[in-house]
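One structure is given here, and the rest of the page talks about it.
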């Protein structure tokens, strides 16, 4: 019985011990942040907790974040879940999966406002990923599920560009 109590104590503390602060931002703030980072390649992934392809690709984004942590590459996971779902859905989702990449929650109800600003190619479907480096004048957009190798290939092509 004592073993079971100890086991559940460690299980609970490991789940509760991992927590990430997730800011809620407007698109204008996200846009400013990306535009002000001239020498950094941003990998901006738009996802939601209810999107199965999004969920499947998140570990690859986390792996990319780890692989390029010493480079000027920044992975930013942008949740488009409702702001009201932050504590009940998004935080538990992130904490259970122990996602280490930076996450923000986009507080925009009008997709017609921000979607074309991300890319004219974006129909609004997710997952969607924007790779951008302002200094190198590179902007790649994908409206599909990506994997580690695809991301690595795209990032390397941007990083090698002079």
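Numbering (this note's numbering), first residue to last: 1 to 162.
Ideal Cβ placement from N, Cα and C applies to all residues, glycine included.
In this text, all values refer to a predicted model and were calculated from it rather than measured experimentally.
Annotated three-state conformation of residue 68 is coil, per DSSP. Taken atom to atom, the span from the alpha-carbon of residue 103 to that of residue 46 is near 10 angstroms. With contact defined as three or more Cβ pairs closer than 8 angstroms, the region 90–97 and the region 26–43 are not in contact.
Going by DSSP, residue 129 is part of the beta strand (DSSP E) stretching over 128–133. About 5 angstroms separates the beta carbons of residue 49 and residue 81, which is inside the 8 angstroms limit, making them a contact pair. Around residue 40, the same chain offers 72, 74 as residues with beta carbons nearer than 6 angstroms, after the five sequence neighbours per side are excluded. Approximately 14 angstroms separates the beta-carbon atoms of residue 157 and residue 141; this is outside 8 angstroms, ruling out the contact. At a Cβ-Cβ threshold of 8 angstroms, residue 63 and residue 134 do not count as neighbours. The three-state secondary structure of residue 158, taken from DSSP, is helix.
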